[in-house]
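Chains as they are written, first to last, in the numbering used here: chain Z, 1 to 332; chain H, 1 to 245; chain P, 1 to 471; chain U, 1 to 290.
Using N, Cα and C, we set each Cβ at its ideal position, and we do this for glycine too.
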């Protein structure tokens with residue numbers, strides 16, 4: 001069988017599992033998968049900044065939260081708003097925030113970028129608590145209607161059923177991840193990576209670094225907004241603690257570090273690993289902090305490039321050991 | 001006609017004067033070397049001309065157009081290219097990807113988010129062509145940081161050339177190279193800059209005298225002399241500056 | 001002609017006031033906690049809980065068991081497990097034709113909204129619990145209620161205090177609020193100062209700057225308006241959660257000339273507030289909800305705690321121990337605390353098993369009594385019994401479940417804190433004081449339920465033509 | 001002094017006391033950043049740890065003064081061990097890794113504190129000598145807070161003396177302002193890092209013990225203080241002691257007078273201040289380097 005055929009088969013198998021997942025694993029794990037998907041997209045969007053453009057953000061929750069609050073507010077106040085426009089409005093909120101911040105953020109990098117995001121992230125969090133009449137304070141906005149997925153006159157799918165929401169979420173999140181992955185493969189993706197490696201050189205090849213950064217920034221903001229919007233609909237709630245807390249900003253940093261910052265799929269793997277671990281800890285121990293603290297320390301000490309980095313290193317070692325001399329060159 | 005001109009260019013860092021009243025003229029098609037002792041302001045001059053800094057005083061003209069204060073990207077689009085004193089490539093990317101970045105820049109493919117770059121055969125072909133020209137085909141997929149020093153410098157220089165600039169500024173292209181490497185590099189520069197205007201900062205006098213059509217000597221931020229290699233060799237002030245430093 | 005009738009009314013009113021409403025209600029309660037039926041609890045140890053498995057009645061205690069607020073989960077667990085242990089030793093409850101034991105499961109929400117939803121769903125979908133028992137933080141209880149509503153499982157709100165949880169947008173048939181609520185608390189204090197104490201007139205509100213703090217303050221303002229129009233509110237300030245330095249607020253309040261500070265702060269804010277006030281020489285009384293944690297009280301000592309005014313949902317007028325049954329139940333707990341339990345359950349916090357812990361225990365007994373009388377774990381049957389149900393707690397207090405919006409109607413108690421020598425009024429058995437090193441509950445005044453009926457959202461269809469008393 | 005003036009003066013003193021404590025914590029944080037380039041998220045955990053240690057020393061000896069002496073040193077010892085056996089080994093993998101590592105350390109410390117001392121708050125009393133208040137021309141001010149101001153001043157004085165008059169201090173200053181150049185000075189850099197890290201945690205520890213009688217000692221203490229110190233360091237400019245000092249005092253006073261005059265805004269004032277400063281100067285007031 002050719003590689004191509006194997007890939008196709010793997011793809012079809014994966015799709016089949018995804019389709020059958022709710023009936024195979026039941027509601028609880030279906031919901032777990034949606035949570036995983038949301039955080040995977042969120043982490044991927046974060047890593048678009050960190051891993052691909054070299055920009056570390058400590059306030060990515062801003063966009064996650066903006067997406068969530070945007071959708072929640074829209075569904076609360078606009079009667080009869082359909083599903084996809086609600087999603088779009090959440091994304092628009094995140095993008096609007098991105099547009100607002102971009103002129104400031106694209107001119108800086110490194111620690112300043114990280115810190116400024118922390119500052120604005122905290123400001124948003126405090127404001128969400130403070131502006132109770134709009135945001136509902138710590139209670140957040142909840143209990144808003146979740147519209148069905150409908151094509152007028154053709155079909156209407158109830159989104160309150162976990163399995164249905166699962167398909168909707170998987171489609172939206174999957175498409176977003178695919179779109180971001182695709183972007184990394186385009187010429188623009190090349191330029192992004194160039195900005196990470198050597199912004200000066202990028203400028204001396206005729207690219208405008210701030211403009212490039214701005215587009216990446218908006219991509220990251222928008223896709224974090226998608227994640228936040230789906231999260232709000234999934235939970236039927238968006239709150240300061242759940243969507244804007246500094247822990248929410250820190251989550252993608254951890255997920256990305258565990259999975260591997262250098263790879264597109266690292267954050268997704270990190271989310272999966274983290275999902276499994278937190279599932280286990282929540283069942284078997286109350287020492288949640290100890291477990292996550294120890295994991296972080298161990299990852300940094302022994303797998304600083306994340307699981308994917310560890311895997312690459314192991315593969316390279318295995319090659320070097322088992323392959324005959326001269327064949328150790330990486331495959332072309 | 002001058003491709004590049006500076007008029008009364010002055011610059012200082014927090015009051016420390018690094019360039020004063022520099023009047024430089026680079027003729028179309030010539031190879032113009034800028035020499036001078038360390039701290040003479042050569043790299044600062046480059047940085048101003050290529051848009052990294054905006055000068056405190058004076059103007060920069062490129063192809064007769066006032067480009068003072070224009071950013072690097074704008075100057076590159078007008079036809080300027082540059083290499084750096086400290087090798088400045090995309091160290092984590094492969095040699096091929098480095099060159100491809102330049103090709104994308106030259107073709108003005110900047111915000112294409114809809115097509116895979118792998119599905120752009122023209123770009124790939126052109127990049128591979130460049131690799132062949134600079135003898136890096138074997139190192140196509142090696143990260144730039146793993147290239148040997150000489151090859152890394154060659155990549156750097158050709159990267160500056162990928163945008164097909166009319167004027168190339170090379171900042172100490174042979175610094176830190178062995179004698180053999182230098183020879184190859186000079187050869188490469190000669191080949192790649194065929195038909196272009198070149199400004200080069202260089203310490204190695206052999207390189208300077210074998211490459212340059214004209215030479216400008218910078219000292220304490222001021223132009224000491226400009227002229228053909230023989231004139232410079234004979235210039236008394238230049239001798240004093242170098243020996244007295 | 002009319003005279004005798006008026007006189008009669010007067011007599012009735014006076015007797016009501018004399019004997020207290022609690023006694024009048026007691027007769028009406030549909031069920032009561034009977035300490036005489038309590039099992040021998042001497043083998044109870046929260047650190048080695050006996051938890052039955054198999055076909056059981058499952059209660060998930062959804063709370064914070066990790067992080068800085070882990071102590072809350074510990075308190076809830078010992079309370080619920082105590083009731084469960086008792087019932088189990090009595091042989092369990094007859095449901096659906098079978099005697100079943102009660103299984104208590106810890107569900108850690110880590111104070112995180114997303115985690116709350118996840119863990120609540122896990123409890124319902126995987127552990128198949130019958131009841132979700134929760135929790136600190138109304139925003140988290142809201143999530144639990146949503147899960148309960150979605151999967152048709154009973155939820156009991158035993159410690160979330162927001163009125164909004166049962167308004168028209170958030171109401172769920174499956175959730176029952178057996179605790180008191182923010183507006184009741186504020187109004188109870190207003191009533192106490194306006195109708196009973198009638199001394200201080202100048203008030204200042206200092207609360208936490210989030211929904212809960214503001215709701216409490218609104219309740220208090222409403223109470224003042226209703227029951228104490230002569231009072232003046234000199235100012236209201238709201239500080240961020242987890243404030244470090246209260247001195248600026250206190251300095252400002254001191255200068256305002258206030259006589260009482262109303263606060264709903266909880267630890268750590270509550271502790272910082274009290275400690276720093278006393279260090280600054282500000283001896284003003286706090287009318288409060290959560291300034292009752294014994295460790296904190298000991299830190300400021302007898303002087304610093306005398307005169308605090310506390311609202312309790314588990315108070316008792318004229319002494320906490322009026323019947324042999326009450327004394328027996330108290331001793332069962334206190335003896336174990338003295339002799340058996342190890343950390344974390346051997347600290348002052350757990351010494352008496354009264355106060356909040358007493359309330360949580362009794363609320364759980366109510367739940368179990370409802371299940372027993374429903375004879376089933378079928379939520380529909382439980383709802384049928386619980387709506388309009390009334391239950392008399394160990395201390396004589398009666399809770400009535402208002403059927404239309406599932407809020408408990410109950411007397412509240414306002415307690416004044418007094419030095420150990422005067423605590424006899426409430427701790428009426430030897431050694432006649434709660435704590436030696438701090439002031440604690442002294443005179444306790446009942447605020448009759450009818451003055452502090454829980455807020456009712458009239459736009460909730462079920463409540464449209466109901467009075468606040470539930471008729 | 002009339003009561004109103006007294007109130008304003010007292011507010012100023014409150015701001016000063018809190019600002020000084022904040023600086024004790026923030027100074028270590030900013031030094032460690034300046035030198036090692038990492039933002040030590042666990043810094044406030046050492047602050048908390050010292051508060052718990054002081055409780056333990058008090059429980060054993062009953063002496064606050066002994067606690068003030070021993071607890072910060074013990075916290076610094078833990079800090080030095082973390083530096084030596086965790087941070088140093090990951091230094092090569094870059095700042096992001098170190099940053100995450102400090103998050104891990106802070107979580108483990110949080111859990112450790114709960115294991116050893118439980119989840120309830122622990123009482124620490126003001127030492128009898130410093131109880132009560134000082135009446136000064138209409139002003140009635142707690143002696144302990146004055147002591148805190150004094151203690152902070154003494155510690156800062158010692159710190160300044162070490163930094164500005166000794167050779168070690170010179171090296172530390174050089175290293176903090178430009179980590180690259182110590183390599184050129186031919187100094188044992190790892191040892192210097194360890195020393196600065198230890199000194200930073202010691203300073204945080206002193207603050208932890210000093211604040212324990214005022215604040216609640218419970219497992220969330222680090223979170224309470226950490227964010228403020230963080231804001232100070234970021235706003236003042238990472239690696240700038242002077243910036244940290246200035247911003248600490250500004251935040252302290254902003255807190256006091258903010259509550260006095262615009263109390264509705266008080267909760268957002270601090271972050272607003274930070275956001276504005278950073279929007280104008282992304283590297284903070286006195287920050288220069290990336």
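Checklist entry - Does the Cβ-Cβ distance between residue 95 of chain P and residue 59 of chain P come in under 8 angstroms? => result no
Item to check | Minimum Cβ-Cβ distance from residue 170 of chain H to chain Z less than 8 angstroms | outcome: no
Checklist entry - Between residue 347 of chain P and chain U, is there a C-beta pair that is closer than 8 angstroms? => result yes
Item to check | Distance, residue 167 of chain Z Cα to residue 19 of chain Z Cα | outcome: 8 angstroms
Checklist entry - Residues in its own chain within less than 6 angstroms of residue 12 of chain U by CB, not counting five upstream and five downstream? => result none
Next on the checklist: Does the stretch 192-200 of chain U come into contact with the stretch 7-23 of chain U, if we say contact requires no fewer than three beta-carbon pairs (one atom in each stretch) closer than 8 angstroms?
Outcome noted: no
Item to check | Secondary structure, beta strand (DSSP E): runs of 3+ residues fully inside the stretch 37-122 of chain H | outcome: 57-62 and 80-83
Checklist entry - Would you say residue 113 of chain P reaches chain U, if we count a Cβ-Cβ gap shorter than 8 angstroms as a contact? => result no
Next on the checklist: If we define contact as Cβ-Cβ less than 8 angstroms, is residue 14 of chain U a contact residue for chain P?
Outcome noted: yes
Checklist entry - Looking only at C-alpha atoms, which of P:444, P:370 and P:429 sits nearest to residue 57 of chain P? => result P:370
Item to check | Nearest-angstrom beta carbon gap, residue 289 of chain Z and residue 265 of chain U [assumed within contact, 8 angstroms] | outcome: Not quite, the Cβ-Cβ distance comes to about 34 angstroms (not below 8 angstroms), so this is no contact.
Checklist entry - When the cut-off is 8 angstroms and only beta carbons count, does residue 107 of chain Z lie next to chain P? => result no
Checklist entry - Counting only beta-carbon atoms, is residue 140 of chain U nearer than 8 angstroms to chain P? => result yes
Next on the checklist: Please tell me whether residue 147 of chain H and residue 96 of chain H are closer than 8 angstroms, where the distance is taken between their beta carbons.
Outcome noted: no
Item to check | Through-space distance from residue 428 of chain P to residue 264 of chain P, alpha-carbon basis | outcome: 29 angstroms
Checklist entry - Given a threshold of 16 other Cβ atoms within 10 Å of its Cβ, counted over all protein chains shown, does residue 257 of chain P qualify as buried or as exposed? => result exposed
Item to check | Outcome for residue 224 of chain H when other beta-carbon atoms lying within 10 angstroms are tallied against a minimum of 16 | outcome: buried
Checklist entry - Excluding five sequence neighbours on each side, which residues of the same chain lie with their C-beta closer than 6 angstroms to the C-beta of residue 454 of chain P? => result 181, 184 and 407
Next on the checklist: Let me check one thing: in DSSP terms, what residues is residue 193 of chain P bridge-paired to?
Outcome noted: In DSSP, residue 193 of chain P forms no bridge with anything.
Next on the checklist: If you reduce the DSSP assignment to three classes, tell me which class residue 345 of chain P lands in.
Outcome noted: coil
Item to check | Cut-off 7 angstroms between Cβ atoms - residues of its own chain near residue 17 of chain Z, not counting five sequence neighbours on either side | outcome: none
Checklist entry - Taking only beta-carbon atoms, is residue 198 of chain Z less than 8 angstroms away from chain P? => result no
Item to check | Cα-Cα separation between residue 118 of chain U and residue 128 of chain P, rounded to whole angstroms | outcome: 32 angstroms
Checklist entry - Mind checking residue 92 of chain U: buried by the 16 CB within 10 Å criterion, or exposed? => result exposed
Checklist entry - Which of the three DSSP states, helix, strand or coil, is assigned to residue 22 of chain Z? => result helix
Checklist entry - Any C-beta of chain Z sitting closer than 8 angstroms to the C-beta of residue 30 of chain U? => result no
Checklist entry - So is residue 206 of chain H buried or exposed if we call it buried at 16+ other beta carbons inside 10 Å? => result exposed
Next on the checklist: Between the alpha carbons of residue 15 of chain Z and residue 170 of chain Z, how many angstroms are there, rounded?
Outcome noted: 11 angstroms
Checklist entry - Considering only residues of the same chain and omitting the five flanking positions on each side of residue 21 of chain P, which have a CB-CB separation below 8 angstroms? => result Here residue 21 of chain P scores only 46 on pLDDT, less than 50, and its place in the model should not be relied on; the value that follows carries that caveat. Result list for residue 21 of chain P: 411, 446, 448, 449 and 450, in chain order.
Next on the checklist: With H, G and I counted as helix, E and B as strand and the rest as coil, what does DSSP make of residue 388 of chain P?
Outcome noted: coil
Checklist entry - Helix or strand or just coil, what does DSSP make of residue 333 of chain U? => result One cannot answer for residue 333 of chain U here, as it falls past the ends of chain U, which runs 1 to 290.
Checklist entry - Closest Cβ-Cβ distance between residue 246 of chain H and chain Z: below 8 angstroms? => result Any question about residue 246 of chain H goes unanswered here, given that chain H covers just 1 to 245.
Item to check | Best match in U:134, U:102 and U:38 for proximity to residue 281 of chain P [C-alpha to C-alpha] | outcome: U:134
Checklist entry - Name the chain H residues whose beta carbon is nearer than 7 angstroms to that of residue 188 of chain Z? => result 111, 112 and 113
Item to check | Contacting positions in the stretch 210-240 of chain Z - beta carbon closer than 7 angstroms to chain H | outcome: 215
Checklist entry - Within the 8 angstroms Cβ cut-off, does residue 115 of chain Z reach chain U? => result yes
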